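Protein chains in written order, with the working numbering: chain G, 1 to 107; chain V, 1 to 160. Glycine is no exception: its CB is placed at the ideal position from the N, C-alpha and C atoms. Note that the structure is a prediction, hence the values are computed from the model and not measured. Shown next, in structure tokens, is the structure this report addresses.
Below is the structure:
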């Protein structure tokens with residue numbers, strides 16, 4: 001059994017990626033994070049737990065609440081952290097290419 | 001699948017280079033960057049419709065566009081100034097993503113004809129600092145950054 005969760009597993013899930021994107025904006029409580037999703041509080045808690053276990057999120061006690069922070073250092077460890085950015089541009093350019101092929105004059 | 005788009009980013013530098021070869025004559029590649037209707041078409045996606053508000057493609061000109069969701073909320077907007085433009089050769093511009101933590105970037109777009117039917121685009125993007133560049137690259141999803149939380153929720157529910 002795989003005990004240690006890895007970062008790639010953590011970011012493979014779209015909900016977890018969305019949680020990272022939210023928390024990267026600002027540190028948030030679990031309640032505030034969960035309010036952004038239709039899923040149950042339990043499901044979101046599980047996602048937060050996985051993200052915390054692989055250190056993409058860090059916890060900070062703030063009074064009676066726990067705040068979650070995004071940990072960019074961990075993202076650094078992802079060997080190919082450029083990949084999502086590259087994919088974004090690849091999709092954009094694929095679309096550009098497909099659209100412009102329609103404009104090609106017929107020979 | 002072949003990786004057509006390449007991104008080069010050296011550690012500790014505040015710039016990135018994006019390169020892409022297209023199965024298009026350079027004229028068509030260039031038109032896609034300066035004609036508002038075409039630009040809107042390739043910059044529109046499942047989560048938002050892009051509308052060009054301003055596209056003055058000449059020296060001292062500028063651009064402004066925004067992406068709105070199905071309800072008409074603006075989820076992304078950007079503007080910039082055109083510093084130099086030579087048709088089918090280059091565009092030098094600034095680019096500002098509005099309402100994001102990112103500062104303005106300076107972008108050099110170089111268009112090259114490879115053959116009659118193929119071309120290459122090189123985008124050299126310069127950020128204010130190394131940190132800003134890294135932050136932009138590392139954001140797992142750019143769309144997540146650019147969207148209001150309620151908007152994000154809709155997207156996520158669609159992904160489920």
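query	result
By DSSP, does residue 52 of chain G sit in helix, in strand, or in coil?	helix
May I have the straight-line CA-CA distance separating residue 12 of chain V from residue 29 of chain G, to the nearest angstrom?	33 angstroms
DSSP on residue 100 of chain G, reduced to helix/strand/coil?	helix
Counting only beta-carbon atoms, is residue 125 of chain V nearer than 8 angstroms to chain G?	no
In the DSSP output, which residue or residues are listed as bridge partners for residue 7 of chain V?	V/18
What does a CB cutoff of less than 6 angstroms around residue 110 of chain V pick up in its chain, not counting 5 residues either side in sequence?	90 and 122
So for residue 93 of chain G, helix, strand or coil by DSSP?	helix
Along chain B, in chain order, which residues have C-beta atoms closer than 7 angstroms to that of residue 96 of chain G?	Checking the listed chains, one finds no chain B in this structure; the protein chains it contains are G and V.
Could you pull the DSSP bridge partners for residue 61 of chain V from this structure?	Answer by DSSP bridge pairing: none, since residue 61 of chain V is not bridged.
So is residue 87 of chain V buried or exposed if we call it buried at 16+ other beta carbons inside 10 Å?	exposed
At the 8 angstroms Cβ level, is residue 116 of chain V part of the contact set with chain G, yes or no?	no
Cutting at 7 angstroms between CB atoms, please list the residues of its own chain near residue 48 of chain G, excluding the five before and the five after it.	19, 30, 33, 57 and 68
Would you grab the beta carbon distance between residue 67 of chain V and residue 48 of chain V for me? Rounded to a whole angstrom, and I think it's under 8 angstroms.	4 angstroms
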